[in-house]
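Quick note on numbering that gives the first Met the number 0: the sequence shown kicks off at 0 and runs consecutively. The beta carbon of each residue, even a glycine, is placed where N, CA and C say it ideally should be. This structure is a prediction, so every number in the text was calculated from the model and none was measured.
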Amino acid sequence: MSGHFITFEGGEGAGKSTQIARLKAFLESSGKSVVVTREPGGSPGAEKIRSLLLSGGAKEHGPRAEAMLFAAARADHVDATIKPALERGDWVLCDRYSDSTRVYQGEAGVEQDYLKLLELAAVAGLRPDMTLLIDVPPKIGLSRVAKRSETDDSGGPDRFEDEAVAVHERRRKMFLQLALDEAYRFTIVDGSRDEDFVEREVRQAVLNTFPEEFDIDAADMATADRPF
Ligand code: Z5A
């Protein structure tokens, strides 16, 4: 497949959607064709499963069943959206992917061996080329989400937002550990900084990972601690 697959991970309110929109604009201004997608969801079948999961409708069946539903949604998303886009040569920017299952369902008590089997089945060999972990202390992320819900019509916290800060802290540690364990594909970005700073960090990480895709010379990249 000739496209590029970038996933964004992190806790609630980390700024993933914000940064995906900014990276999309940058890539398009560089002449790239970009597909933005998300999990759970990203294809008609997976969006149906998303509604069930985020409404809390599957919670009564327990974390193992929820993990299966996330995997089912992912399998559909991979087949219907991500693989076709990569085959066309597009850049795919995905808001959460299999690392979120390892962390959220892992933190909820589902065994990692079980999650690995589900992941193998769901991704069908499709691994991200790079993963950006937007890391924020939960108190910051949750306060952003609370502020946002004062002004939008989302109807309050969803199944995963409405949880104790300690749970969010454990997930943050798990994401950071995963980033260390699989450092070859992860970049950790400090999401507590302002949006422009985070955007520069994200863009630089993408330039560093795919230098051959951009018409920027090494000297430019070395001094890229300024806004582009
Ligand atoms: N889940 C799971 O359990 N297992 C899985 O396998 C998968 C998912 C795939 C999906 O929720 C839920 O499903 C998720 C995990 C679980 N848990 N929750 N909740 P979702 O898709 O609805 O939510 P999310 O992925 O967590 O997105 P989010 O809460 O919208 O966060 P975000 O995309 O990272 O943040 P944002 O929308 O870009 O920004 C949030 C607000 O902060 C917004 O008002 C921005 O303007 C503001 N913002 C953004 N960046 C900044 C900075 N740098 N400074 C200040 N303010 C900022």
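DSSP, reduced to helix, strand and coil, places Val197 within a helical segment of the structure shown.
Scanning the stretch 46-99 for uninterrupted alpha helix (DSSP H) segments of 4 residues or longer gives 62-76, 82-87, listed from N- to C-terminal end. Look at Tyr103: its beta carbon is less than 7 Å from one of the heavy atoms in the ligand Z5A.
Three or more beta-carbon pairs separated by less than 8 Å are not found between the stretch 112-122 and the stretch 8-25, which leaves the two stretches without contact. Note that the stretch 143-151 does not touch the stretch 91-108; fewer than 3 beta-carbon pairs, one per stretch, sit closer than 8 Å.
Along the stretch 108-173, the beta strand (DSSP E) occurs as fully enclosed runs of 3 or more residues at 129-134, listed in sequence order. Just so you know, the alpha carbons of Gly61 and Pro39 end up roughly 17 Å apart. For Glu27, the enclosing alpha helix (DSSP H) has its first and last residue at 15-28. Relative to the ligand Z5A, Asp128 has its C-beta separated by 7 Å or more from all heavy atoms. Arg37 is bridged by DSSP to Asp94. Counting along the chain, Val102 sits inside no beta strand (DSSP E), nor does DSSP assign it H or E at all.
Here the stretch 178-189 lies against the stretch 125-141, with 3 or more beta-carbon pairs under 8 Å apart. Remark: C-beta atoms of Ser42 and Ala79 approach each other more closely than 8 Å.
Going by beta carbons, Val35 and Leu92 fall inside the 8 Å limit.
In this structure, Leu125 places its C-beta atom within 8 Å of the C-beta atom of Lys82. For the 8 Å CB-CB criterion, Leu206 and Phe196 do not form a contact.
Around Ser142, the same chain offers Gly12 as residues with beta carbons nearer than 8 Å, after the five sequence neighbours per side are excluded. Beta bridge pairing from DSSP links Val188 with Ile133. Minimum Cα-Cα distance from Phe4 among the listed residues Met173, Ala72, Phe174, Pro127 corresponds to Pro127. Using a Cβ distance threshold of 8 Å, Glu198 and Arg21 count as a contacting pair. Distance from the C-beta of Gly190 to the nearest heavy atom of the ligand Z5A is below 7 Å.
Straight across, the Cα-Cα distance linking Asp157 with Val102 is about 18 Å. DSSP places Phe7 in the uninterrupted beta strand (DSSP E) bounded by 3-8.
Short note on Arg169: C-beta not closer than 7 Å to any heavy atom of the ligand Z5A.
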